[in-house]
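Peer 1: Attaching a single structure in structure tokens format; questions to follow.
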Ligand code: R5P
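In the working numbering, the protein residues as written are 5 to 318.
Right, dumping it as structure tokens:
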């Protein structure tokens, strides 16, 4: 059975693909991915995949559009080589914030990505902590959404902070943060954040809940420019919170986010390795936890036809 399971990696996050293979005790699938001088991508699968279940690891990180096109080409090559099934392992889902038409004349790009994956031959997607769970409905085939909660909560349980409050940085993340609060058995506070246009800036307007004298953990699905997180840090400080931590699944950390965090009052930002975190981003204040074992175990269970929900239980 195991020789019918193959893991391939695009160029987006080879370290994660390698860690997944190590967990599964499998070699990485052999494949050449080449970019010609005219910027066209060429893929050649260098081993037999006939009747194999192939998993392609390609997270969404810059250059995002190139990574997507490369993924489509890898899938096309696998399909033409008679793979039995193709599962896309996209730990951070591309364009997941473009999941609704909330302004006139804009695209729903996450839906477009879903359609393109289907056209390229995907049978299934494994991802982690989608910006909105409804994105699963963009697909006409199964989407297994893994949760970073066991890893993030495990870290804070070990840290053993007293008098903790779980903080949702905006109304949209209240449901998700309530889940963390329940898991950690701590109260919940919710902030009302408003975005200004499409320029990545935001403002905290109201706070619901009590943070005074508490150690606060801000839970979010992603941290990009850091603007939202640091706005929340400021609001929590103004309302009397003590130590403030961030717990985020996808640490995109673009622009000058690292400098902003280095100079901030945030005690520690805890992220996972769903996207690469290069040496330039590895400052003492940023803790990176691996989720490779969750993806490895999910792949094993999908291939064996067993349940993956057990991965999220206590
Ligand atoms: C937005 O709703 C998300 O949950 C994050 O809060 C947002 O993507 C973070 O972006 P930034 O770090 O650029 O403020």
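Cβ coordinates follow ideal geometry from the N, Cα and C atoms, glycine included.
(1) When burial is assigned at 16 or more other CB atoms within 10 Å of the CB, is residue 210 buried or exposed?
(2) To the nearest angstrom, how far is it from the Cα of residue 313 to the Cα of residue 302?
(3) Could I get the ranges of all uninterrupted beta strand (DSSP E) runs contained in the stretch 284-309, with 3 residues as the minimum, in chain order?
(4) Report all residues from its chain with a CB closer than 6 angstroms to the CB of residue 300; omit the five preceding and five following residues, and keep chain order.
(5) Which residue or residues does DSSP assign as beta-bridge partners of residue 207?
(6) Please name the residue, chosen from 241, 187, 309, that lies closest to residue 218 on a Cα-to-Cα basis.
(7) At a cut-off of 7 angstroms, would you count residue 267 as near the ligand R5P, judging by its Cβ distance to the nearest heavy atom?
(8) Residue range of the beta strand (DSSP E) that residue 218 falls in?
(9) CA-CA distance, residue 316 and residue 150?
(10) Spatial neighbours of residue 39 within its chain, please: C-beta separation below 7 angstroms, excluding the five flanking residues on both sides.
(11) Tell me whether the beta-carbon of residue 65 lies closer than 8 angstroms to the beta-carbon of residue 279.
(12) Within the present structure, is the beta-carbon of residue 174 separated from the nearest heavy atom of the ligand R5P by less than 7 angstroms?
(13) By the 10 Å Cβ neighbour count, where 16 or more other Cβ atoms means buried, how is residue 145 classified, buried or exposed?
(14) Distance, Cα to Cα, residue 130 vs residue 171?
(15) Just checking: is the beta-carbon of residue 27 within a distance shorter than 8 angstroms of some beta-carbon in chain C?
(16) Smallest Cα separation from residue 1: which of 177, 156, 216, 173?
(17) Check each candidate in 56, 75, 57 and name the one with the smallest Cα separation from residue 47.
(18) Any heavy atom of the ligand R5P within a distance shorter than 7 angstroms of the CB on residue 230?
(19) What residue does the alpha helix (DSSP H) around residue 84 start on, and which one ends it?
(20) Compare the C-alpha of residue 54 against each of 21, 9, 22 and name the closest.
(21) What's the C-alpha gap between residue 31 and residue 212?
(22) In terms of residues, what are the limits of the beta strand (DSSP E) holding residue 272?
(23) Could you give the first and the last residue of the continuous beta strand (DSSP E) run that contains residue 253?
(24) Please say whether residue 249 and residue 208 have beta carbons closer to each other than 8 angstroms?
(25) Whole angstroms is fine: what's the gap from residue 220's alpha carbon to residue 288's?
(26) Based on Cα-Cα distance, which residue from 89, 42, 43 lies nearest to residue 307?
(27) Hey, would you say the C-beta of residue 132 is under 7 angstroms away from at least one heavy atom of the ligand R5P?
Peer 2: Looking at the atomic coordinates:
(1) Residue 210 is exposed by the Cβ-count criterion.
(2) Cα to Cα, the separation comes out at about 9 angstroms.
(3) Correct list: 290-293.
(4) Correct list, in chain order: 24, 27, 28.
(5) Under DSSP, the beta-bridge partners assigned to residue 207 are 198.
(6) Considering only alpha carbons, the answer is 241.
(7) Checking the Cβ of residue 267 against the ligand R5P gives no.
(8) Residue 218 -> no beta strand (DSSP E), and no H or E assigned at all.
(9) Distance between the alpha carbons of residue 316 and residue 150 is about 8 angstroms.
(10) Within the same chain, residue 39 has close Cβ partners 45.
(11) With respect to residue 279, residue 65 sits close: the two C-beta atoms are nearer than 8 angstroms.
(12) At least one heavy atom of the ligand R5P is nearer than 7 angstroms to the Cβ of residue 174, so yes.
(13) Counting every other CB atom within 10 Å of its CB across the protein chains shown gives residue 145 a total below 16, marking it as exposed.
(14) Residue 130 and residue 171: Cα-Cα distance of roughly 27 angstroms.
(15) This model lacks chain C altogether, as it is built from one protein chain only.
(16) The structure shown does not extend to residue 1, since the chain spans only 5 to 318, so no value can be given for it.
(17) Residue 75 holds the alpha-carbon nearest to the alpha-carbon of residue 47 among 56, 75, 57.
(18) Here the distance from the Cβ of residue 230 to the nearest heavy atom of the ligand R5P is below 7 angstroms.
(19) From DSSP, the alpha helix (DSSP H) with residue 84 extends over 68-84.
(20) The shortest C-alpha separation from residue 54 is found at 9.
(21) Between residue 31 and residue 212, the C-alpha separation is close to 50 angstroms.
(22) Counting along the chain, the beta strand (DSSP E) containing residue 272 begins and ends at 272-276.
(23) Per DSSP, residue 253 belongs to the beta strand (DSSP E) from 248-255.
(24) Result no, Cβ atoms of residue 208 and residue 249 do not sit closer than 8 angstroms.
(25) Distance between the alpha carbons of residue 220 and residue 288: 19 angstroms.
(26) Among 89, 42, 43, the Cα nearest to that of residue 307 belongs to 89.
(27) The ligand R5P never approaches residue 132 closely enough for any of its heavy atoms to be under 7 angstroms from the residue's Cβ.
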